[in-house]
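Just so you know, we're using our numbering here: the sequence shown kicks off at 3 and counts up by one.
Worksheet for the structure shown next.
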Amino acid sequence: MTSLPKWLLLASLLLVTSGARAEEIIVSAAASLTDALKEIGRAYPSRSRHKILLTLGPSSFLARQIEEGAPADIFFSADLAQMDLLEKNGRLEAGARKNLLSNQLVIVVPADSKVAIVSPKDLLKPEVRKIALADPAAVPVGVYTSKYLAAEGLWDKVKAKVVPVLDVRAVLASVESGNVEAGFVYKTDAAISKRVKVVYEVAIGKGPKIIYPVAIVKDSKKKEAARDFMNFILSPAGKEVFKKYGFVVFD
């Protein structure tokens, strides 16, 4: 039996259709953008007949798959490092990159949790046995969190409690299920769940600078369609959707 490509097996796919005889624009995007891009994808047919295929997952994984030749027309990362790597390696269309969004780190616990956490130092409490965190060596939200905790002098003290998971949505699911006492997610992810509560917000000026860049992939065979969708993302209508889901949108 012929095996499916690794990128197809591992990526989370969402097809948003917008009419017959449409081009299929593949958008590889960070998991934290899921809900906003779903809504934008549903709104897009009002101005285009193209189809939008979302490939969702950790930015580091998606960047690696683009490097290995997985099809993608647009890449939307949760950090600069992955986008910078693709640009350095000549994988991005020249002049087709934009830093668009920012976000905020928060600590979440199960909605019915009785553990008192009012600051990151409370993660040292013995009753906090497990902390869910996206891979701190590769996934942007995990990298942001580990750097923040290191700056606070806490990383070496809490890393033994860390349960590494795939991405920010996996962190959210771990906290929702009660399998861990706490987790670090983006503020936008916490806002979509009624099964967790935010107990601490990392102040934007104090925490890491979180930037989401978006770009057209150089190897795209549908650059005209990709530019059209990118323009829609960058339009006032697209930006309003991101604001609705709690993202900070750059001018």
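We put the CB at the ideal spot given by N, CA and C, even for glycine.
Next on the checklist: Cutting at 7 Å between CB atoms, please list the residues of its own chain near L87, excluding the five before and the five after it.
Outcome noted: A65
Item to check | Reference F78; option with closest CA among V120, V198, G97 and A217 | outcome: A217
Item to check | Where the alpha helix (DSSP H) containing N233 begins and where it ends | outcome: K225 to L236
Checklist entry - I think Y202 touches V120, with their Cβ atoms under 8 Å apart; what is that distance to the nearest whole Å? => result 7 Å
Next on the checklist: Judging by CA-CA distance, which residue of F244, L236, K224 and K241 is the nearest neighbour of H52?
Outcome noted: Checking every option, the nearest Cα to that of H52 belongs to K224.
Next on the checklist: In this structure, how does DSSP classify R23 when only helix, strand and coil are distinguished?
Outcome noted: Residue confidence for R23 is low, a pLDDT of 47 falling below 50, so the modelled location carries little weight; the figure read from the coordinates is stated next. It is coil, neither helix nor strand.
Checklist entry - What residue range is occupied by the uninterrupted alpha helix (DSSP H) comprising K161? => result K161 -> no alpha helix (DSSP H), and no H or E assigned at all.
Checklist entry - With 8 Å set as the bound, which would you pick, yes or no: does the beta-carbon of D253 sit closer than that to a beta-carbon of chain D? => result This model lacks chain D altogether, as it is built from one protein chain only.
Item to check | S148, buried or exposed, once every other Cβ within 10 Å from all chains shown has been counted against 16 | outcome: buried
Next on the checklist: For L94 and R229, what's the separation of their Cα atoms in angstroms?
Outcome noted: 13 Å
Next on the checklist: Output needed for V170: all residues of its chain with C-beta closer than 7 Å, excluding positions within five of it in sequence on either side, in chain order.
Outcome noted: A33, S34, A136, V143, V187, Y188 and D191
Next on the checklist: I need the boundaries of the alpha helix (DSSP H) containing Y202, first residue and last residue.
Outcome noted: Unbroken run through Y202 is the beta strand (DSSP E), V198 to E203; no alpha helix (DSSP H).
Next on the checklist: Closest to K163 by C-alpha separation, out of A152, V200 and A134, would be which residue?
Outcome noted: Looking at A152, V200 and A134, the one whose alpha-carbon comes closest to that of K163 is A134.
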